[in-house]
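>
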Amino acid sequence: MNKILLFVLVVGLLTVQGCKKEKRLTIAVGGAPSEVEYLERLIGEFEKETGIHVVLRRQPTDTDQRRQELVIALKARERDPDLFLMDVIWVPQFAASGWLEPLDDYARESGVELSSFFRGVVENVDRYDGKLIALPLYVDGGLLYYRKDLLEKFGFSPPSTWDELVRQARKIQKEVRKKNPSFYGFVWQGAQYEGLVCNFLEFAASMGGGLTDSLGRLTIDRPENIRALQFMRDLINRYRISPPNTYTEMREEEVRLFFQRGDALFERNWPYAWKLHQADDSPVRGKVGMSLLPSSTGGRHVSTLGGWHVGISRFADRKKEAWELLKFLVSKEIQKRLLFDLGWNPGRRDVYGDPEVLKEVPQAAVLQSIFEKAIPRPVLPFYTRISEILQKYLNSALSGDMEPDDALKSAQKEAEVVFSLYEKR
Ligand code: GLC
4 MNKILLFVLV VGLLTVQGCK KEKRLTIAVG GAPSEVEYLE RLIGEFEKET GIHVVLRRQP
64 TDTDQRRQEL VIALKARERD PDLFLMDVIW VPQFAASGWL EPLDDYARES GVELSSFFRG
124 VVENVDRYDG KLIALPLYVD GGLLYYRKDL LEKFGFSPPS TWDELVRQAR KIQKEVRKKN
184 PSFYGFVWQG AQYEGLVCNF LEFAASMGGG LTDSLGRLTI DRPENIRALQ FMRDLINRYR
244 ISPPNTYTEM REEEVRLFFQ RGDALFERNW PYAWKLHQAD DSPVRGKVGM SLLPSSTGGR
304 HVSTLGGWHV GISRFADRKK EAWELLKFLV SKEIQKRLLF DLGWNPGRRD VYGDPEVLKE
364 VPQAAVLQSI FEKAIPRPVL PFYTRISEIL QKYLNSALSG DMEPDDALKS AQKEAEVVFS
424 LYEKR
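Throughout the sequence shown, residue numbering follows the numbering used here, covering 4 to 428 in sequence.
1) Could you have a look at Leu345 and say whether DSSP puts it in helix, strand or coil?
2) Given this structure, state the Cα-to-Cα distance separating Asp224 from Val382, to the nearest angstrom.
3) Can you name, in chain order, every residue of its own chain whose Cβ lies under 6 Å from the Cβ of Gln371, other than the five neighbours on each side?
4) Apart from the five residues on each side of it in sequence, which residues of its chain come closer than 8 Å, Cβ to Cβ, to Leu28?
5) Just to confirm the assignment, what range does the alpha helix (DSSP H) spanning His280 have?
6) How big is the Cα-Cα spacing for Trp102 and Leu135?
7) Assuming Gly350 and Val124 make a contact with CB atoms under 8 Å, what is their CB distance in whole Å?
8) Measuring alpha carbon to alpha carbon, tell me which residue in Glu406, Ala367, Lys339 and Ser294 is nearest Ser441.
9) If we call anything under 8 Å between Cβ atoms a contact, is Gln144 one with Leu397?
10) Within 10 angstroms of the Cβ of Ile389, are there 16 or more other Cβ atoms? Answer buried if so, exposed if not.
11) Quick one, which of Arg288, Lys181, Glu81 and Ser119 has its alpha-carbon nearest Ser334's?
12) Quick one: grab the DSSP three-state call for Val333.
13) Would you give the residue range spanned by the alpha helix (DSSP H) that Phe121 belongs to?
14) Should Lys51 be labelled buried (16 or more other beta-carbon atoms within 10 Å of its own) or exposed?
15) Sorted by chain position, which residues of the same chain lie with C-beta nearer than 7 Å to Arg433's C-beta, five sequence neighbours on each side aside?
16) Mind reading off the beta-carbon distance from Ala207 to Glu227? Whole number of angstroms is fine, and I expect it under 8 Å.
17) Give the single residue among Leu77, Arg80 and Asp90 whose Cα lies nearest to the Cα of Val2.
18) For the candidate residues Gln62, Asp409 and Ala410, whose alpha-carbon lies nearest to that of Glu40?
19) Report whether the distance from the Cβ of Gly309 to the nearest heavy atom of the ligand GLC is below 7 Å.
20) Quick one: measure Cβ to Cβ for Glu252 and Ala172, integer angstroms, because I've assumed they're closer than 8 Å.
21) Beta-carbon within less than 7 Å of Asn272's beta-carbon, same chain only, minus the 5 sequence neighbours each way: which residues are those?
22) Rounded to the nearest angstrom, what separates Leu73 and Ile373 at their Cα positions?
23) How many angstroms separate the CA atom of Phe487 from the CA atom of Ile337?
24) For Ala267, write down the residues that DSSP places opposite it in a beta bridge.
25) Would you kindly report the start and end of the unbroken alpha helix (DSSP H) that includes Phe87?
26) By how many angstroms is the C-alpha of Val305 removed from the C-alpha of Tyr275?
27) So, for Ser431: in the same chain, excluding its five sequence neighbours on each side, which residues have a beta-carbon less than 8 Å away from its beta-carbon?
28) Please classify Asp216: is it buried, with 16 or more other beta-carbons within 10 angstroms of its beta-carbon, or exposed?
29) Kindly indicate the opening and closing residues of the alpha helix (DSSP H) around Ile55.
30) State yes or no: is the C-beta of Trp273 nearer than 7 Å to some heavy atom of the ligand GLC?
31) How is the alpha helix (DSSP H) around Ser209 delimited, first residue to last?
32) Which residues does DSSP list as the beta-bridge partners of Trp311?
33) Quick test of your reading: Leu199 and Val313, contact by CB under 8 Å. State the CB separation rounded to the nearest angstrom.
34) Please say whether Asp65 and Tyr242 have beta carbons closer to each other than 8 Å?
35) Rounded to a whole number of angstroms, what is the C-alpha to C-alpha distance between Leu88 and Tyr131?
Okay, structure coming up:
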């Protein structure tokens, strides 16, 4: 009997050991479907090069849903995923919760030069309490895409102010609708999610507003912001150049596909849309131009700073291998390929001056200056709580349920409560 028990135990142990060996490195990755497929292929190359087996856990496109999925796993201290992509705005929360593995030793031991990355990005986002806890996979900023062919046909140059954009859109929309009744002047992200906050911040800052003052105090209900929100609503209801489903459905991919079908003159989106608009099967291939977002008369042209960072879970059971994959993803060679193939803009400065990049992506220098001047959303561990409040009230104003000033006053009040609760902790 004892012998049998021993046999069972030994077999059991061997099986567990076997499973351990079999265990694969897991990375959580989301984005547009074509981006996820590309990363899958890239990670396949990493597997071949290193012999490390990787499981890619697919996440949705929407940043809020992606965060929720990860938060559930991390709160439960699950070993998978070992590493993941994080939106720039979640990094402080993940770091403050103690979910990210410090990377300084790994970086030092493998000779990764932090000075090759944008200093501001590494210092403000990827370092927490003095420790390196992530590295940038790519940086993002909002851009204006326009139909070059249509602007030329009607004798316009790309708009520099919002007034110009409205004027051009109304005129061209009226003409094009004679043949295409689904055509709209301007598509942007207005659904109730993080992208709405990014769009609002751009409209607001271009009109002299913003979410905080120079001391970091919340200024959600300032007059410039109310004006910006009124303008966003006017785009839909008064000028009627943005579709009514702007506030129910329009996220990055819905907006991109709308424009790519040939149904819009202007589009606000992130740099990733460029490559997809130029794809072989894109109806707008060769007809698209890209510029800074307009400003209000005499105001600033601004973009919200976005981007995605890679971090390793504190609970990961394959940290060494996770670092190997992280290092691979942020290496100069892979960052160049991500720029060429996906239009993802590196968080590494050294890529922008590279001769091959200057030749292949002539707009890289302009993009670099956009990211360097882009406005960050408040860097707070509880930012997502503030953002949820903003999303709800901004969306209520767009849908007509609330007036812009009431909506922003209520948002300010609720956000102040959250702010003081967390500040006291
Ligand atoms: C993009 C940006 C990210 C932002 C998100 C909003 O993915 O990189 O920072 O939060 O869009 O939808």
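C-beta atoms are modelled at their ideal positions from N, C-alpha and C, and glycine is treated no differently. Predicted model only: the values in this text are computed from it and were never measured.
In brief:
1) Leu345 sits in a helix when the DSSP states are folded into three classes.
2) Between Asp224 and Val382, the C-alpha separation is close to 19 Å.
3) Closer than 6 Å at the Cβ level, and outside the excluded window around Gln371, lie Tyr355.
4) Hits under 8 Å: Ile55, His56, Val57, Val58, Asp85, Leu86, Arg321, Glu324, Ala325 and Leu328.
5) For His280, the enclosing alpha helix (DSSP H) begins and ends at Tyr275 to His280.
6) The alpha-carbon atoms of Trp102 and Leu135 are separated by roughly 13 Å.
7) Right, the Cβ-Cβ distance comes to about 5 Å (below 8 Å), so this counts as a contact.
8) Residue 441 is absent from the structure shown; the chain starts at 4 and stops at 428.
9) Strictly speaking, residue 144 in this sequence is Gly, with Gln absent from that position. No, Cβ-Cβ distance for Gly144 and Leu397 is not below 8 Å.
10) Ile389 is buried by the Cβ-count criterion.
11) The option with the nearest alpha carbon to Ser334 is Ser119.
12) Coil at Val333, not helix or strand.
13) Note, Phe121: premise wrong, no alpha helix (DSSP H); not H, not E.
14) By the 10 Å Cβ count, Lys51 comes out exposed.
15) Since the displayed the chain opens at 4 and closes at 428, residue 433 lies outside it and no answer follows.
16) Rounded, the Cβ-Cβ distance is 6 Å, consistent with contact.
17) One cannot answer for residue 2 here, as it falls past the ends of the chain, which runs 4 to 428.
18) Comparing Cα positions, the closest option is Gln62.
19) Yes; taking the cut-off as 7 Å, the Cβ of Gly309 has a heavy atom of the ligand GLC nearer than that.
20) Not really, about 20 Å apart at Cβ, beyond 8 Å.
21) Leu146, Tyr148, Glu255, Val258 and Arg259.
22) Rounded to the nearest angstrom, the gap between the Cα atoms of Leu73 and Ile373 is 30 Å.
23) Outside the displayed span of the chain (4 to 428) sits residue 487, for which this structure offers no information.
24) According to DSSP, Ala267 bridges with Tyr187.
25) Where Phe87 is concerned, there is no enclosing alpha helix (DSSP H), although the beta strand (DSSP E) it sits in stretches over Leu86 to Asp90.
26) A straight line joining the alpha-carbon of Tyr275 with that of Val305 spans about 18 Å.
27) For residue 431 there is no data in the structure shown, the boundaries of the chain being 4 and 428.
28) Burial state of Asp216 is exposed, judged by a 10 Å Cβ sphere holding fewer than 16 other Cβ atoms.
29) For Ile55, no alpha helix (DSSP H) segment is defined, and its DSSP state is neither H nor E.
30) Checking the Cβ of Trp273 against the ligand GLC gives yes.
31) From DSSP, the alpha helix (DSSP H) with Ser209 extends over Glu197 to Ser209.
32) Trp311 is bridged by DSSP to Asp90 and Tyr141.
33) Here Leu199 is actually not in contact with Val313; their C-beta atoms are around 26 Å apart, not less than 8 Å.
34) No.
35) Between Leu88 and Tyr131, the alpha-carbon positions lie close to 17 Å from each other.
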